[in-house]
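Engineer: Here it is: the structure, laid out below.
Number of protein chains: 2
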Amino acid sequence: MKSAKHELGQRIEHFKQECSKAGVRLTHQRLEVFREIAEACDHPDASTVHKRLRKTMPTISLDTVYRTLWLLDDLGLISTLGPTRERTRFDANLDCHHHFVCSRCGMTRDFSSEEFDDLDPPPSVKTFGRIEMTRVEVNGLCRNCIAENAKPER
Amino acid sequence: MKSAKHELGQRIEHFKQECSKAGVRLTHQRLEVFREIAEACDHPDASTVHKRLRKTMPTISLDTVYRTLWLLDDLGLISTLGPTRERTRFDANLDCHHHFVCSRCGMTRDFSSEEFDDLDPPPSVKTFGRIEMTRVEVNGLCRNCIAENAKPER
DNA sequence: TTAGGTGCAAATTCTTTGCACCCTG
DNA sequence: CAGGGTGCAAAGAATTTGCACCTAA
Numbered sequence: 001m002k003s004a005k006h007e008l009g010q011r012i013e014h015f016k017q018e019c020s021k022a023g024v025r026l027t028h029q030r031l032e033v034f035r036e037i038a039e040a041c042d043h044p045d046a047s048t049v050h051k052r053l054r055k056t057m058p059t060i061s062l063d064t065v066y067r068t069l070w071l072l073d074d075l076g077l078i079s080t081l082g083p084t085r086e087r088t089r090f091d092a093n094l095d096c097h098h099h100f101v102c103s104r105c106g107m108t109r110d111f112s113s114e115e116f117d118d119l120d121p122p123p124s125v126k127t128f129g130r131i132e133m134t135r136v137e138v139n140g141l142c143r144n145c146i147a148e149n150a151k152p153e154r
Numbered sequence: 155m156k157s158a159k160h161e162l163g164q165r166i167e168h169f170k171q172e173c174s175k176a177g178v179r180l181t182h183q184r185l186e187v188f189r190e191i192a193e194a195c196d197h198p199d200a201s202t203v204h205k206r207l208r209k210t211m212p213t214i215s216l217d218t219v220y221r222t223l224w225l226l227d228d229l230g231l232i233s234t235l236g237p238t239r240e241r242t243r244f245d246a247n248l249d250c251h252h253h254f255v256c257s258r259c260g261m262t263r264d265f266s267s268e269e270f271d272d273l274d275p276p277p278s279v280k281t282f283g284r285i286e287m288t289r290v291e292v293n294g295l296c297r298n299c300i301a302e303n304a305k306p307e308r
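Taken in sequence, the protein lines are chains A and B.
Going by our numbering, the first residue of the first sequence is number 1, and it counts up by one from there.
Going by our numbering, the first residue of the second sequence is number 155, and it counts up by one from there.
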């Protein structure tokens, strides 16, 4: 719904404004990468975006897609699913629980909440498939990152 | 809380039972990998687990850690954060929204819910840091995976 | 004993980087 | 026109795999 056609034009306008605001050049490649992500509803990874774009831009390179995706992320125009630029992380806590994830360093901690354990997704979600578990992810800056907010991290 | 010391023994017992139930040998390496994950509260990645284990088992290899982690995951003894074995995925939907993620194939779809938009984490979460966003992740099997449930996927 | 498990090293796969040429502003 | 941006190819990381030896059952 949110990515509906009638909004796409506005979002592309916004993208153009943000580029010029940030002093970043508006290239054909950047525009198409943004459009592809904005139109997709399946949250593709870099290589999928590349594959799709090649149909209309046969010469676009995978590394440009990577560079552009991270640029858009830095500009706050797109975001990533799960902890950014992180490896797969493991969890041995099988009880129902929820996560706090630092959006800067990826620090992750469990917490529990009876209220959150009983969340009931809207009926429309059932059209996607069978629901097995519902979990809350809280994002924010961890104490550590707040403390060293001035220092570089990445 | 959930990983408190007094529970560790029970969890290791459970792990041993599951191994024998699955016909999988109980090796020193597997036990230590499981113990490390069960004791850690920071959801380490494979290489972090390896690094920690080398202090007490200098010869354990990184590939054994990988193999063991996925084995434990298959046995349902641990789980992963975010979409399993997936690359970084991107999201251009900046409005507040929530996700349905297929636990088998990783298919991800957005949905919205006013109720979920206003969730308020328990006060204890504030001790981790500053809260910026709260989002619900619904896990389950997507229609596609339900349909081809018999076929191999991975 | 003996098949499954491990360590090592090599192979894959994914992502990033250096550099020369191109195109936006 | 100038400097940022792109494509290409090569480098770097992360993860997986083949194989011979080892060990739990």
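Think of the CB as a built atom: it goes at the ideal place given N, C-alpha and C, for glycine as much as any other residue.
Smallest Cα separation from Asp63(A): which of Val33(A), Leu81(A), Arg89(A), Gly82(A)?
Structural biologist: Working through the first sequence from its first residue, we reach residue 63(A) at position 63. Checking every option, the nearest Cα to that of Asp63(A) belongs to Val33(A).
Engineer: Taking only beta carbons into account, state which residues of the region 274-289 of chain B come closer than 7 Å to chain A, listed in chain order.
Structural biologist: Of all residues in the region 274-289 of chain B, Pro275, Pro276, Ser278, Val279, Phe282, Gly283, Arg284, Ile285, Glu286, Met287, Thr288, Arg289 have a Cβ within less than 7 Å of some Cβ in chain A.
Engineer: If we count the other Cβ atoms within 10 Å of its Cβ and call it buried at 16 or more, is Thr210(B) buried or exposed?
Structural biologist: Locating residue 210(B) in the second sequence gives position 56, counting from the first residue. Flag for Thr210(B) reads exposed.
Engineer: Roughly how many angstroms separate the alpha carbons of Gln29(A) and Asp272(B), rounded to a whole number?
Structural biologist: Along the first sequence, read from residue 1 onward, the residue named residue 29(A) stands at position 29. Along the second sequence, read from residue 1 onward, the residue named residue 272(B) stands at position 118. So the alpha carbons of these two residues sit roughly 37 Å apart.
Engineer: Comparing the C-beta of Thr181(B) with each C-beta of chain A, is any distance below 8 Å?
Structural biologist: Mapped onto the second sequence, residue 181(B) falls at position 27. It does not: the Cβ of Thr181(B) has no partner Cβ on chain A nearer than 8 Å.
Engineer: Which term fits Gly76(A), buried or exposed, when burial requires 16 or more other beta carbons within 10 angstroms of its beta carbon?
Structural biologist: Position 76 of the first sequence, counting from 1, holds the residue named residue 76(A). Classification for Gly76(A): exposed.
Engineer: Mind pulling the chain B residues with CB within less than 7 Å of His172(A)?
Structural biologist: Since the first residue of chain A shown is 1 and the last is 154, residue 172(A) is not available in this structure.
Engineer: Which of the residues in the region 54-75 of chain A, read from start to end, lie with their CB under 7 Å from any CB of chain B?
Structural biologist: For the region 54-75 of chain A, which is checked against every Cβ of chain B, the residues closer than 7 Å are Leu69.
Engineer: Using a cut-off of 7 Å between C-beta atoms, extract the partners of Ala22(A) located in chain B.
Structural biologist: Counting from one through the first sequence, the residue named residue 22(A) turns up at place 22. Result: empty, since nearest Cβ-Cβ is about 16 Å, beyond 7 Å.
Engineer: Does any residue of chain B have a CB that is nearer than 8 Å to the CB of Cys19(A)?
Structural biologist: Within the first sequence, residue 19(A) is the residue found at index 19, counting from 1. By this cut-off, Cys19(A) is not an interface position.
Engineer: In angstroms, rounded to a whole number, what distance separates the CA positions of Cys296(B) and Pro212(B)?
Structural biologist: Position 142 of the second sequence, counted from the first residue, corresponds to residue 296(B). Position 58 of the second sequence, counted from the first residue, corresponds to residue 212(B). Taking the straight line from one Cα to the other gives about 42 Å.
Engineer: Starting from the C-beta of Phe169(B), find all residues in its chain whose C-beta is less than 7 Å away, skip the five residues before and the five after it, and write them out in chain order.
Structural biologist: Within the second sequence, numbered from 1, the residue matching residue 169(B) stands at position 15. Cβ within range, chain order: Phe188, Leu231.
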